[in-house]
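The numbering of the sequence shown is our numbering, which starts it at 124 and goes up by one. No residue lacks a Cβ here, since even glycine has one placed at the ideal position from N, Cα and C. Keep in mind it's a predicted model, so treat the numbers as computed, not measured. Have a look at the structure below, then the notes.
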Amino acid sequence: MSTADKVRKSVNDSIKSAEDFVESTKKSLQRELSKTTPKIQHALDQSVDEAGKALSNALTATDKKASHEQVELLKSYRSFLQGQVAFVDKRIKAIEDHDRSRGAR
124 MSTADKVRKS VNDSIKSAED FVESTKKSLQ RELSKTTPKI QHALDQSVDE
174 AGKALSNALT ATDKKASHEQ VELLKSYRSF LQGQVAFVDK RIKAIEDHDR
224 SRGAR
């Protein structure tokens with residue numbers, strides 16, 4: 124086997140090793156994400172459910188109060204939800220930016 128053949132084989136072996144490493148890392152990350160994502164989704168669902176229950180309770184309590192108090196409560200709730208949407212949008216952007224930066228490598 125010539126020196127060029129040995130170098131070519133070494134390079135091919137290195138490439139194969141790198142491909143195997145990338146595939147292994149990808150599978151490991153997918154496993155971890157599959158464990159974490161449901162927990163995050165459950166926490167978000169629970170937060171939304173609790174916020175909805177709190178609003179329902181607050182509306183029930185204020186039904187007997189003046190309409191301007193109800194309007195103020197609804198405006199406050201809308202502000203809370205807008206904060207939640209802003210948080211989610213910021214997190215999505217961070218994930219997308221991270222993905223783009225990884226793709227640029």
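Touch test, the stretch 170-181 against the stretch 142-153, Cβ-Cβ under 8 angstroms, three pairs minimum:
Between the stretch 170-181 and the stretch 142-153 there are fewer than three C-beta pairs closer than 8 angstroms, too few to call the two in contact.
Tell me the start and end of each unbroken alpha helix (DSSP H) in the stretch 154-197 that is at least 4 residues and wholly inside, in chain order.
When DSSP assignments are scanned along the stretch 154-197, no uninterrupted stretch of alpha helix (DSSP H) that is 4 or more residues long falls wholly within it.
Output the distance between the C-alpha atoms of residue 125 and residue 143, rounded to the nearest integer angstrom.
Linking residue 125 to residue 143 through their CA atoms gives a straight-line distance of about 27 angstroms.
Does DSSP put residue 125 in a helix, a strand or coil?
Judged by DSSP in its simplified three-state form, residue 125 adopts coil rather than helix or strand.
Distance, residue 130 Cα to residue 222 Cα:
Computed Cα separation, rounded: 35 angstroms.
Report the rounded CA-to-CA distance for residue 220 versus residue 134, giving the unit in angstroms.
Roughly 33 angstroms between the two C-alpha positions.
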